[in-house]
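Engineer:
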Amino acid sequence: MAPISAPTSACPSPPPPAGDGKVTVAFVGAGAITFGSPTVVWNHSARIESILGSRLEVPFIVDPNRARFDQIMEEKAQGPCPDAYKNTQFFRTPQEAAEALGSQTKIDLFLLASPPHFRGTTLEGRDLELEMIKLFGNVPTFFVEKPIATTRPEEPVQVAKILREADSAVGIGYMMRYLKVVQKVMSIIRENNLRVMMVTGRYAMAYNLLDKHPWWMKSQQGGPIIEQATHFCDLMRYLGGGEVDLDSVQATTLEHNEPAGELDLTIIDEAKIEPEDRVPRATSAFWKYSTGAIGSLTHIVALHGVGYSNEISVYADGYQFRLYDLYTNPRLYVRTPQSEKEQVYSYDDDDMFYNEFYAFVSAAIARANKAPLPVQDLLRTEFLTSYEDACKTFELTWKIRDLSDEVGDKSREKMTAEEKIAVAKATAKRSLRVQGGSPVLDVPAPAN
Numbered sequence: 001m002a003p004i005s006a007p008t009s010a011c012p013s014p015p016p017p018a019g020d021g022k023v024t025v026a027f028v029g030a031g032a033i034t035f036g037s038p039t040v041v042w043n044h045s046a047r048i049e050s051i052l053g054s055r056l057e058v059p060f061i062v063d064p065n066r067a068r069f070d071q072i073m074e075e076k077a078q079g080p081c082p083d084a085y086k087n088t089q090f091f092r093t094p095q096e097a098a099e100a101l102g103s104q105t106k107i108d109l110f111l112l113a114s115p116p117h118f119r120g121t122t123l124e125g126r127d128l129e130l131e132m133i134k135l136f137g138n139v140p141t142f143f144v145e146k147p148i149a150t151t152r153p154e155e156p157v158q159v160a161k162i163l164r165e166a167d168s169a170v171g172i173g174y175m176m177r178y179l180k181v182v183q184k185v186m187s188i189i190r191e192n193n194l195r196v197m198m199v200t201g202r203y204a205m206a207y208n209l210l211d212k213h214p215w216w217m218k219s220q221q222g223g224p225i226i227e228q229a230t231h232f233c234d235l236m237r238y239l240g241g242g243e244v245d246l247d248s249v250q251a252t253t254l255e256h257n258e259p260a261g262e263l264d265l266t267i268i269d270e271a272k273i274e275p276e277d278r279v280p281r282a283t284s285a286f287w288k289y290s291t292g293a294i295g296s297l298t299h300i301v302a303l304h305g306v307g308y309s310n311e312i313s314v315y316a317d318g319y320q321f322r323l324y325d326l327y328t329n330p331r332l333y334v335r336t337p338q339s340e341k342e343q344v345y346s347y348d349d350d351d352m353f354y355n356e357f358y359a360f361v362s363a364a365i366a367r368a369n370k371a372p373l374p375v376q377d378l379l380r381t382e383f384l385t386s387y388e389d390a391c392k393t394f395e396l397t398w399k400i401r402d403l404s405d406e407v408g409d410k411s412r413e414k415m416t417a418e419e420k421i422a423v424a425k426a427t428a429k430r431s432l433r434v435q436g437g438s439p440v441l442d443v444p445a446p447a448n
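Take the sequence shown: its position 398, counted from the start at 1, is 398 in full-length UniProt numbering, and no numbers get skipped.
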């Protein structure tokens, strides 16, 4: 999905609201996800500027890199909303900001987009959400990027409990829930009082240009389900009409050491990754919802090029909903009892990031008792994933990961000595291809 383009002339000016019209937004983390770069679709600040226009005020940005802050200020001074940043201050830590500003600056919305290692736990230095509540109170609305943690689920579950007891407003950036095509599905389900019977998801990624070595290591980024298919797990939970019964989850995988799992065009050297740490090539999982409905998810590392292929289908009595190409050109195909011919829904402006921040900004404005944004069709005015809700998605992805690891371990345990030699030869051959060498003819037998 192409990033939304910021206004090129002047900062958009919504009708003057009653009372205090300014909306204060502060950023913790000044990376590409918040302020953009030529290589990513994210640019949270641009979306917020296009939503709030002249109502936006950014009192401060927190980031350890002063040079990055200065670069952002130069860009914003030449951008469509320079006045929003004319008094923006730089702080290296949230503590510095709180000490310098005291109670004189009230923030309506915080964006917490620091690396996930620094949040999602109760451990000092890795408890950003809890630290922000201590420093700035529970009045602001907090947007937290995903993943919610780099730990196992037990840690963020403890964080969720503390945030709930503090009566804080903390939401997580699962942006696909806000797609207009997704909200159209939800509206049809509500209007017709439908009970979802089954949800299926298919996520096929293109791998041959993926040169980020940590992605190929489960120990670094969690593996494909936790790092990538988490969006589909969350959306399938949202569409399913009930909670996932974790005890019902089953999963199996296609592993790198199996004949069908050999990938010819990887551009990273998997020989440098321990066998048990390499990502599965395909993962298939299914589960039951609390309503009795069934969920089924398939993720595969197989395609070439840039574009991914993805689809989610939802079934109810008489109805079929197919959500297709959710990242780049979202479309919804609906079959109803009235016609076997599918109706097609698509929206030219269906930018899930814009829609997401429309909801978060609306929620922050309401919590601060300020004038609301104009109502827009199929756009929500409250965030849809609380921290506690996101923990349930996190638990589901880890459940699938754990079951997948068990399958992978058993697969490697069953390998004969000859099979281990064959896999080692194939891996060494691909390694030399990546390094620009020649094929290896003799590979010593791996240790049992």
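Backbone N, C-alpha and C fix where the C-beta goes; we use that ideal spot for every residue, glycine too.
This structure is a prediction, so every number in the text was calculated from the model and none was measured.
Write down every uninterrupted run of the alpha helix (DSSP H) in the stretch 151-217 whose length is 4 residues or greater and which is fully enclosed by it, in chain order.
Structural biologist: You should have 154-165, 180-191.
Engineer: Nearest CA to the CA of Phe-383: which residue from Cys-11, Phe-142, Tyr-85, Asp-405?
Structural biologist: Locating residue 383 in the sequence shown gives position 383, where the first residue counts as 1. It is Phe-142.
Engineer: Opposite Asn-310 in the DSSP bridges: which residues?
Structural biologist: Locating residue 310 in the sequence shown gives position 310, where the first residue counts as 1. In the DSSP output, where bridge partners are listed per residue, Asn-310 has Tyr-203.
Engineer: Hey, could you find the ends of the alpha helix (DSSP H) Leu-246 is sitting in?
Structural biologist: Start at 1 with the first residue of the sequence shown, and residue 246 comes out as number 246. Note, Leu-246: premise wrong, no alpha helix (DSSP H); beta strand (DSSP E) at 244-254.
Engineer: Rank Val-159, Pro-259, Leu-112, Val-139 by C-alpha distance to the C-alpha of Glu-124 and give the top, closest one.
Structural biologist: Mapped onto the sequence shown, residue 124 falls at position 124. Of the listed residues, the one whose Cα sits closest to Glu-124 is Val-159.
Engineer: Given Lys-184, which residues of its chain have a CB within under 7 Å of its CB, disregarding the five upstream and five downstream residues?
Structural biologist: Counting from one through the sequence shown, the residue named residue 184 turns up at place 184. Once the five neighbours on either side are set aside, the close Cβ partners of Lys-184 are Leu-332, Tyr-345, Leu-378.
Engineer: Tell me Arg-278's beta-bridge partners as DSSP assigns them.
Structural biologist: On the sequence shown, residue 278 is found 278 positions in, with the first residue counted as 1. Partner(s): Met-217.
Engineer: List the DSSP bridge partners of His-304.
Structural biologist: As a position in the sequence shown, residue 304 is number 304, starting the count at 1. Partner(s): none; His-304 has no beta bridge.
Engineer: Who are the Cβ neighbours of His-256 in its own chain at under 6 Å, not counting the five residues just before and after it?
Structural biologist: For the purposes of this step, residue 256 is taken as residue 256 along the sequence shown, with counting starting at 1. So the qualifying residues of the chain are Arg-278.
Engineer: Got a sec? Which residues, its chain only, sit under 6 Å from Trp-42 by beta carbon, not counting five neighbours each side?
Structural biologist: Stepping through the sequence shown from its first residue, residue 42 is reached at position 42. Same-chain partners within the cutoff: Ile-33.
Engineer: With a 10 Å radius around its C-beta and 16 neighbouring C-beta atoms as the bar for buried, classify Arg-190 as buried or exposed.
Structural biologist: By one-based count along the sequence shown, residue 190 stands at place 190. Counting Cβ neighbours within 10 Å, Arg-190 comes out exposed, since fewer than 16 surround it.
Engineer: Hey, could you find the ends of the beta strand (DSSP E) Ile-61 is sitting in?
Structural biologist: Working through the sequence shown from its first residue, we reach residue 61 at position 61. 60-62 is the span of the beta strand (DSSP E), which, as asked, contains Ile-61.
Engineer: Hey, quick one: how far does the beta strand (DSSP E) through Tyr-345 stretch, first residue to last?
Structural biologist: Counting from one through the sequence shown, the residue named residue 345 turns up at place 345. 339-346 is the extent of the beta strand (DSSP E) around Tyr-345.
Engineer: Assuming Gly-242 contacts Tyr-289 under a Cβ cut-off of 8 Å, what Cβ separation, rounded to an integer in Å, is found between them?
Structural biologist: Sequence index remark: in the sequence shown, residue 242 carries index 242 (1-based). Sequence index remark: in the sequence shown, residue 289 carries index 289 (1-based). About 4 Å; that satisfies the 8 Å criterion.
Engineer: Just to confirm, are Val-144 and Glu-129 a CB contact at a threshold of 8 Å?
Structural biologist: Start at 1 with the first residue of the sequence shown, and residue 144 comes out as number 144. Start at 1 with the first residue of the sequence shown, and residue 129 comes out as number 129. Yes, these two residues count as a Cβ contact at 8 Å.
Engineer: Report buried or exposed for Ser-45, applying the criterion of at least 16 other Cβ atoms within 10 angstroms of its Cβ.
Structural biologist: The sequence position of residue 45 within the sequence shown is 45, counting from 1. Answer is buried; the Cβ neighbour count reaches 16.
Engineer: With which residues is Glu-57 paired in a DSSP beta bridge?
Structural biologist: For the purposes of this step, residue 57 is taken as the residue at position 57 of the sequence shown. DSSP lists Thr-24 as partners of Glu-57.
Engineer: Just reading off the alpha helix (DSSP H) that Leu-403 is part of, what are its end residues?
Structural biologist: Translated into the one-based positions of the sequence shown, residue 403 becomes position 403. Per DSSP, Leu-403 belongs to the alpha helix (DSSP H) from 387-413.
Engineer: On the criterion of 16 or more Cβ atoms from any shown chain inside 10 Å, does Gln-104 qualify as buried, or is it exposed?
Structural biologist: The count along the sequence shown starts at 1 and reaches residue 104 at position 104. Gln-104 comes out exposed.
Engineer: Could you tell me if Asp-70 is buried or exposed, where buried requires 16 or more neighbouring beta carbons within 10 angstroms of its beta carbon?
Structural biologist: Mapped onto the sequence shown, residue 70 falls at position 70. By the neighbour-count rule (16 or more Cβ atoms within 10 Å), Asp-70 is not buried but exposed.
Engineer: For Thr-252 and Ser-296, I'd like the C-alpha separation in whole angstroms.
Structural biologist: Numbered from its first residue, the sequence shown carries residue 252 at position 252. Numbered from its first residue, the sequence shown carries residue 296 at position 296. Answer to the nearest angstrom: the Cα atoms are 12 Å apart.
Engineer: Less than 8 Å separating the beta-carbons of Leu-326 and Met-205?
Structural biologist: The residue you call residue 326 lines up with position 326 of the sequence shown. The residue you call residue 205 lines up with position 205 of the sequence shown. In this structure, Met-205 does not lie closer than 8 Å to Leu-326 by Cβ.
Engineer: Quick check: the Cα distance between Leu-163 and Leu-135, rounded to an integer number of angstroms?
Structural biologist: Position 163 of the sequence shown, counting from 1, holds the residue named residue 163. Position 135 of the sequence shown, counting from 1, holds the residue named residue 135. Approximately 14 Å between the Cα atoms of the pair.
Engineer: Which first and last residues belong to the alpha helix (DSSP H) in which Val-40 is found?
Structural biologist: Within the sequence shown, numbered from 1, the residue matching residue 40 stands at position 40. Neither: Val-40 is in no alpha helix (DSSP H) and is coded neither H nor E.
Engineer: Count the C-beta pairs between the stretch 350-361 and the stretch 86-106 that are closer than 8 Å, then say yes if the count reaches three, no if not.
Structural biologist: With the cut-off at 8 Å, the stretch 350-361 and the stretch 86-106 do not touch.
Engineer: Pick helix, strand or coil for Ser-50, following the three-state DSSP scheme.
Structural biologist: Taking the sequence shown and counting its residues from 1, one reaches residue 50 at position 50. Three-state DSSP puts Ser-50 in a helix.
Engineer: For Thr-88, which residues does DSSP report across the bridge?
Structural biologist: Walking along the sequence shown from the start, residue 88 turns up at place 88. Thr-88 is not bridged to any residue.
Engineer: Look up Cys-11 in the DSSP assignment and say whether it is helix, strand or coil.
Structural biologist: Taking the first residue of the sequence shown as 1, we reach residue 11 at position 11. Coil at Cys-11, not helix or strand.
Engineer: Can a CB atom of chain B be found closer than 8 Å to the CB of Ser-103?
Structural biologist: Checking the listed chains, one finds no chain B in this structure; it contains a single protein chain.
Engineer: DSSP on Lys-370, reduced to helix/strand/coil?
Structural biologist: Translated into the one-based positions of the sequence shown, residue 370 becomes position 370. Three-state result, Lys-370: coil.
Engineer: Can you tell me which of Gly-29, His-213, Phe-353, Ala-316 puts its alpha carbon nearest to the alpha carbon of Asn-192?
Structural biologist: Residue numbering aside, residue 192 sits at position 192 when the sequence shown is read from its first letter. Taking only the C-alpha atoms, the option nearest Asn-192 is Ala-316.
Engineer: Using the C-alpha atoms, what's the distance from Pro-372 back to Ala-366?
Structural biologist: Residue 366 sits at position 366 when you count from the first residue of the sequence shown. Residue 372 sits at position 372 when you count from the first residue of the sequence shown. C-alpha separation (whole angstroms): 7 Å.
Engineer: If you draw a straight line from the alpha carbon of Met-217 to that of Ser-54, how long is it in whole angstroms?
Structural biologist: Within the sequence shown, the letter at position 217 stands for residue 217. Within the sequence shown, the letter at position 54 stands for residue 54. Straight-line Cα distance between these residues: approximately 44 Å.
Engineer: By how many angstroms is the C-alpha of Met-236 removed from the C-alpha of Gly-137?
Structural biologist: Start at 1 with the first residue of the sequence shown, and residue 137 comes out as number 137. Start at 1 with the first residue of the sequence shown, and residue 236 comes out as number 236. Looking at the two C-alpha atoms, the distance is approximately 33 Å.
Engineer: Rounded to whole angstroms, what is the Cα-Cα separation between Pro-275 and Lys-410?
Structural biologist: Taking the sequence shown and counting its residues from 1, the one referred to as residue 275 is at position 275. Taking the sequence shown and counting its residues from 1, the one referred to as residue 410 is at position 410. Between Pro-275 and Lys-410, the C-alpha separation is close to 13 Å.
Engineer: Thinking C-alpha only, which one of Ala-97, Leu-254, Lys-392, Pro-214 is nearest Asp-63?
Structural biologist: Numbered from its first residue, the sequence shown carries residue 63 at position 63. Cα-wise, what sits closest to Asp-63 is Ala-97.
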